[in-house]
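To get my numbering, take the position in the sequence shown, counting from 1, and add 244.
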Amino acid sequence: MTQPPTSAVDLIDQLTGLAPGSATHALRHQRDKVVAATQGSYDALFDPDLPGLSLAERLLVALYAARLTPSPALTAHYRGRLEQLGIDASQVRAAAEGTPADIAEPRLRAMLEFTRKLIEKPVEGDQAALLALPAAGLSTPAVVTLAQLVAFLSYQVRLVAGLDALKALNDNGALA
């Protein structure tokens, strides 16, 4: 059975500064299938051709989620991607520093509000929160994509934090 092509760049290794040959890199890559699946999920969720939510919307959600968590490395990554794409600076600023109320577009505002609820108080991600999304113009598949994106971002943030902690322990010789 042939393996699917893997990305030459591993975002998590980059963001955490995991160098090949380091103890934490070796530990993470003991399960290369998980490493590949994590990068593959990132690649799929931020594929410009993914229907339902624009790439800009997905990146703005990611920036906002990374900021709320907080994850400085992921915040910088997603802000950088938005700036590379030339996304409206006021939207980037609102996601990076403001609140959903700072967003003029009802669709994006509803997406960021839903993201905030899922990150800060998941119990508020109830039927009312879900129904606010179609009311703001999101299709059912787009709502599913948004929920999958927020779930992935939660995983990604925890993975980066965990690897940073392991790397700090390894670098200090605590795990040697």
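Using N, Cα and C, we set each Cβ at its ideal position, and we do this for glycine too.
Residue j beta carbon less than 8 Å from that of residue i
{"i": "residue 396", "j": "residue 307", "result": "no"}
{"i": "residue 271", "j": "residue 401", "result": "no"}
{"i": "residue 338", "j": "residue 311", "result": "no"}
{"i": "residue 309", "j": "residue 359", "result": "yes"}
{"i": "residue 347", "j": "residue 335", "result": "yes"}
{"i": "residue 351", "j": "residue 382", "result": "yes"}
{"i": "residue 300", "j": "residue 331", "result": "yes"}
{"i": "residue 354", "j": "residue 391", "result": "no"}
Nearest neighbour of residue i, chosen from the options [CA to CA]
{"i": "residue 286", "options": "411, 393, 406, 414", "result": "393"}
{"i": "residue 260", "options": "276, 293, 320", "result": "320"}
{"i": "residue 386", "options": "365, 292, 296", "result": "296"}
{"i": "residue 325", "options": "356, 292, 357", "result": "292"}
{"i": "residue 357", "options": "371, 376, 313", "result": "376"}
Spatial neighbours of residue i in its chain, beta-carbon cut-off 8 Å, leaving aside the 5 residues before and after
{"i": "residue 256", "result": "262, 272, 279, 282, 283, 400, 403, 404, 407"}
{"i": "residue 266", "result": "411, 414"}
Cβ neighbours of residue i in the same chain (closer than 6 Å, five flanking residues each side left out)
{"i": "residue 378", "result": "none"}
{"i": "residue 274", "result": "none"}
{"i": "residue 362", "result": "369, 394"}
Nonlocal neighbours in the same chain, by C-beta distance under 7 Å from residue i, ignoring five residues either side
{"i": "residue 268", "result": "262, 407, 410, 411, 414"}
{"i": "residue 247", "result": "Any reading at residue 247 needs caution, since the residue's pLDDT is 38, under 50, leaving its predicted position unreliable; the model's value is listed next. There are no such residues."}
{"i": "residue 249", "result": "Low local confidence applies: a pLDDT of 42 at residue 249 is under 50, so the model's placement there is unreliable, with the coordinate-based value given in what follows. Same-chain partners within the cutoff: there are none."}
Cutoff 8 Å: residue i Cβ touching any chain B Cβ
{"i": "residue 296", "result": "In the displayed structure, chain B is absent; only one protein chain is listed."}
(message) Which complete alpha helix (DSSP H) runs does the region 351-411 hold, if anything under 4 residues is left out?
(response) 371-379
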